[in-house]
Amino acid sequence: MPAPARIAAFHALRAVTEGHADLPAALALSRQTLSDERDRALAAEIVTGTERWQRSLDVLVEHFARRPVATIDRDVLCILRLSLYQLLHLDRVPASAAVDDAVDLARYARKTSAAGFVNAVLRATLRQRQRLPLPGRPGSATDREAALAYLGITHSHPDWLVARWLDRYGFEAAERWVRFNNETPRLTLCVNTLRSRREDVAAALAGAGVETEPTPYAPDGLIVISGNPLRAPADGSFFVQDEASQLVSHAVAARRGDRILDLCASPGGKTVAMAADMRDTGLLVACDVRPRRVNLLRQTVRASGAASVRLVRVPAAGGLPFQRRFDRVLVDAPCSGLGTIRRDPDIRWRRAERDLHGFAQQQLTLLRRAAAVVDTGGRLVYATCSSEPEENEHVVDTFLSEHPDFTLLDLRDENPAAIAPLLDARGMLRTLPFAHGLEAFFAAAVERRR
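Every number in my numbering is 19 more than the matching position in the sequence shown, counting from 1.
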């Protein structure tokens, strides 16, 4: 019988592969089948790592199986992928155990006739693991075809995406970017300054055996070095939030007594940060469309202790149910998520280049809706977790061309020195993995002229 963690990993990976669930949902379901925390951690690592390295693994399967992956049964392919990932990327998993479990998994999945095939592919890979048939680093950065093969196949990214990064930033930056995306991210926390200070939360975590260090850019963030801060009951003193995401609230620059609208607020990290910037005065209306998202937002706000926040479920289309009275409006727009590939590795396979135009049109529609409720002299902030210009500056520039009563603000005029390296030549927030060691986020602020 295969190990419980590998059975759970198989089911989760199959759900993602067949489109029945995205990676977070599949992992959440797998956790419910495992009682041991170590098994949960191993299953999550196997599934996440397999998704991260899927393209490289498929190239190896095709080479050693001597047949296209499209001709291999999907369950058998899942077993080969997750087993190859363990053999090549998890040193603590003995090779013999991984191979034996793969054969047992084939029988468990009622693919007994494929057990010998699985065994043969894995053992052939093991024999050549020191000289795998993957493209090497090109000797010349000007060899575009070789560069794309190396970045796309060896580092397991889609060709269309690495081609974009290569053309915009060059080979060295693109290589650092794909390496960044294939690293396992550390857990990052945002301190709720309505309840505590960063140094006090760090000290409290240290007392509980959790070692942290301050985030290099976000003033209220902590990076977890060791230990698990989520084992203790949540007290609202911090929330899990990526550092780049924490920086978006600085573009809003909330002030005491402001009237603020957070239009796509769930799960609520930015809402809490803005409430803290306001010192919990004024009014902060936090919105989302789906009931489940609003419930998640409600839990975050309640845990934070913020009293200035009001929750509203808004319609998905049409005018917003508000007057033109807001001093600050944040549109943290739904997007491709291509800036978060390190944390959500399956996104690289779920997105296509043609998707960008559709996202941009939706984002522009949302921005137009939000503009209608911005008061004179008020600020509208547009943010995404996308790396691509179609969803970022192109949306902002199109909006400005349609709305001459709005003007772009240069965020370099008002942000602390620590954030200055993250602001581009036009004063927009743009975090880049190869330059800043952060996920790729974007934010721009425009103001309605007085």
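Just so it is clear, CB atoms sit at the ideal spot from N, CA and C, and this is done for glycine as well. Since the model is a prediction, treat every value here as computed from it, not as a measurement.
Excluding five sequence positions before and after K130, the CB atoms of its chain that fall closer than 7 angstroms to its own CB belong to D92, D94 and V95, given in chain order.
V220 and Q149 have their C-alpha atoms some 45 angstroms from each other. For V291, no beta strand (DSSP E) encloses it; the enclosing alpha helix (DSSP H) starts and ends at G288 to D296. Listed as beta-bridge partners of Y401 by DSSP are V350 and A463. Secondary structure at P177: coil, using DSSP grouped into helix, strand and coil. When the Cα atoms are used, Q147 and Y104 turn out to be separated by approximately 15 angstroms.
Taking Q342 as the centre and dropping the five residues before and after it, the same chain places the C-beta of V392 closer than 8 angstroms to its C-beta, in chain order. Taking every protein chain shown into account, the CB of P452 has 16 or more other CB atoms within 10 angstroms, so this residue is buried. Cβ-Cβ distances below 8 angstroms link P233 to R217, A221, G240, L241 and I242 in the same chain, with the five nearest sequence neighbours on each side left out; the list follows chain order. The C-beta distance from G287 to S264 rounds to 12 angstroms, too long to fall under 8 angstroms, and the pair is not in contact. In the structure shown, the three-state DSSP call for C97 is helix. Here the C-alpha atom of R86 lies approximately 14 angstroms from the C-alpha atom of L141.
Beta-bridge pairing by DSSP links P233 to L241. From the listed residues P235, A168 and L213, the smallest Cα separation to S256 is found for L213.
With contacts defined by Cβ atoms closer than 8 angstroms, Y169 and G155 form a contacting pair.
Going by DSSP, A305 is part of the beta strand (DSSP E) stretching over L302 to D307.
Using a Cβ-Cβ distance cut-off of 8 angstroms, the region 414 to 428 and the region 191 to 205 are not in contact, since fewer than three pairs of beta carbons, one from each stretch, lie closer than that value. Judged by beta-carbon spacing, L76 lies beyond the 8 angstroms limit of T67, meaning their Cβ atoms are not closer than that value.
Within the same chain, Cβ atoms closer than 6 angstroms to the Cβ of A24 are found at D58, L61 and A62, the five residues on either side in sequence being excluded.
If you look at V415, you'll find it in the alpha helix (DSSP H) that goes E412 to E421. Scanning its chain for C-beta atoms nearer than 6 angstroms, with the 5 sequence neighbours on each side dropped, one finds around A237 the residues E262, Q265 and L266, in chain order. For I279, no alpha helix (DSSP H) run applies; the uninterrupted beta strand (DSSP E) run containing it begins and ends at R278 to D281, by DSSP. Here D219 carries a helix assignment [DSSP, helix/strand/coil].
Its chain contains P204, D261 and E458 as the residues whose beta carbon lies nearer than 8 angstroms to that of R362, once the 5 sequence neighbours on both sides are disregarded; these appear in chain order. Contact check for V400 against A270 passes: the beta carbons are separated by less than 8 angstroms. For the 8 angstroms CB-CB criterion, R278 and L315 do not form a contact.
For the 8 angstroms CB-CB criterion, D281 and M293 form a contact.
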